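Data block below; observations after.
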Amino acid sequence: MEALATTPAMRRAGIIEQYRDWLPVTDATPVITLLEGSTPLIPAPALARAIDPKLKVYLKYEGLNPTGSFKDRGMTMAISKACEAGAKAVICASTGNTAASAAAYSARAGIQCAVLLPKGEVALGKVSQSLMHGAKVIAIDGNFDDALRLVREITDEYPIELVNSLNPYRIEGQKSGAFEICDVLGEPPDFHCIPVGNAGNITAYWKGYNEYFQAGVTQRLPKMLGYQAAGSAPIYYGHPIAEPDTIATAIRIGNPASWKKAEAARDDSGGMIDIVTDDEILEAYTMLASLEGVFCEPASAASVAGLYKTAKSGYFTEPATCVCILTGHGLKDPTRAVAVAPQLIDLPPDKGRILETLGISA
Ligand code: F0G
């Protein structure tokens, strides 16, 4: 890559170069990267004041990854390892973000990509990405769980690589998020708040925190607080949900692939998996944008909605550090944003009317 005049702080290496020693790669692994990772851990003091002034709240803004979600951390690994193994094609089921990421990294690697989406249930920005990157985009008349079952069957029978989080390299890449948080804070947070859908990401973060702990890089572990949308909460209820429903389409999942691992993260960390309603998600989504200037997609706001709910229940008895993972960018789902935000004001090009509307008097 062409050398750019950057300061070390400006340099983004991509997670494979950044954490090479912690990842199952060798010199023979072609590194397919868009320089993902190194996302900011943004202090959120206004949110903390609104939620519980005892808490120090940070937002891990994963929407600033190259395709706008945390999936890029896992996809750089999955596509690099697929290429190392000589794969010519990959496939995934997706609520949209995995697909967008798989499509982009496949384009960069020069391999074929196919994605199966639940028809009518994927946010516009995500569909546009998969299409633009040249993936074969198939919308099925079914939900995410149906799509995942189909791609598992297809990859069992045909030589095409599965790049859902069942692919262990996805988890390996995504654990880098935990490393980054510890590298910035010096230790893990006391509480790690995260949306839970197919449950790969909570699994990955827990793995990352444990690896740093076991290597002696950190001296303790966080409590994992996972949040499912109330209408799509199989882990919380303890049984699959046949027809999951929520406005947070990214986590509209009724039978998560990493169910048992998410339970292990919850139980081994002494944390919990709780539910948040769509109204609670939308309140947090709006608060993030208006109080902190951070725009995430609705599913991401589940982490903050959950922290809010948990704080209100009196769970936090002493000062604590909480990191909320904001998994995807707000621009992924512009339709939801304009539906819940204040309305546009239509005016003629008339200075008087504009000043009047702004409440500015001469
Ligand atoms: N937040 C966003 C924005 C997501 O896209 C997803 C999952 C999650 C949270 C939940 O993460 O599945 O690891 O528990 N999206 C997947 C997809 C299912 O297809 O893009 P998880």
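Residue numbers (the working numbering): 700 to 1061.
Every residue, glycine too, gets a C-beta built ideally from N, C-alpha and C.
Computed from a prediction, not measured in an experiment: that's the story for all the values here.
Whether residue i touches residue j by CB criterion (8 Å)
i: S1002; j: P894; result: yes
i: T775; j: A799; result: no
i: R869; j: G773; result: yes
i: D1065; j: F1015; result: There is simply no residue 1065 to check, as the chain begins at 700 and stops at 1061 in what is shown.
i: A822; j: Y926; result: no
i: A834; j: S805; result: yes
i: I778; j: Y757; result: no
i: G1027; j: A949; result: yes
i: T1009; j: D973; result: yes
i: V814; j: A803; result: no
Inter-residue Cα distance where the pair is residue i and residue j
i: Y718; j: K906; result: 14 Å
i: K780; j: L1043; result: 47 Å
i: E735; j: A929; result: 31 Å
i: C881; j: G937; result: 32 Å
i: D771; j: A784; result: 20 Å
i: I715; j: I1059; result: 53 Å
i: T976; j: V1039; result: 15 Å
i: M923; j: M971; result: 7 Å
i: E820; j: P729; result: 34 Å
i: C812; j: A932; result: 30 Å
i: M700; j: L733; result: Residue placement at M700 is flagged as unreliable, the pLDDT there being 43, under the threshold of 50; a coordinate-derived value is accordingly withheld.
i: F994; j: Q918; result: 33 Å
i: I837; j: R1052; result: 48 Å
i: D1065; j: D1032; result: Lying outside 700 to 1061, the shown extent of the chain, residue 1065 is not represented and no answer is given.
Cβ-heavy atom distance, residue i to the ligand ATP, below 7 Å
i: S999; result: You won't find the ligand ATP in this model; what it holds is the ligand F0G.
Assigned secondary structure, residue i (DSSP; H/G/I helix, E/B strand, else coil)
i: F1015; result: coil
i: D720; result: helix
i: A834; result: coil
i: L823; result: helix
i: P955; result: coil
i: I1024; result: strand
i: S768; result: strand
i: E996; result: coil
i: E735; result: coil
i: E687; result: Residue 687 lies beyond the residue range present for the chain, which begins at 700 and ends at 1061; the question has no answer from this structure.
Terminal residues of the beta strand (DSSP E) in which residue i lies
i: A973; result: First, the amino acid is wrong: residue 973 is Asp here, not Ala. Here the beta strand (DSSP E) through D973 covers 971-975.
i: C812; result: 811-817
i: V789; result: 788-792
i: K922; result: 922-928
i: L754; result: 754-760
Continuous alpha helix (DSSP H) stretch holding residue i: start and end
i: F890; result: No alpha helix (DSSP H) contains F890, which is instead part of the beta strand (DSSP E) from 890-894.
i: I1078; result: Lying before the first or after the last residue shown, residue 1078 is absent from the chain, which here runs from 700 to 1061.
i: P742; result: No alpha helix (DSSP H) holds P742; the beta strand (DSSP E) holding it covers 740-742.
i: T945; result: Taken as a continuous stretch (DSSP letters only), T945 belongs to no alpha helix (DSSP H), as it is neither H nor E.
i: K874; result: Segment: none, K874 is in no alpha helix (DSSP H) and carries neither H nor E.
i: L865; result: L865 -> no alpha helix (DSSP H), and no H or E assigned at all.
i: S1060; result: Run containing S1060: none; DSSP gives neither H nor E here.
i: P1041; result: Neither: P1041 is in no alpha helix (DSSP H) and is coded neither H nor E.
i: E856; result: 843-856
i: R807; result: 796-808
Cβ of residue i within 8 Å of any chain C Cβ
i: D967; result: Here there is only one protein chain, and chain C is not present.
Fill in: Touch test, the stretch 1010-1026 against the stretch 885-902, Cβ-Cβ under 8 Å, three pairs minimum
yes
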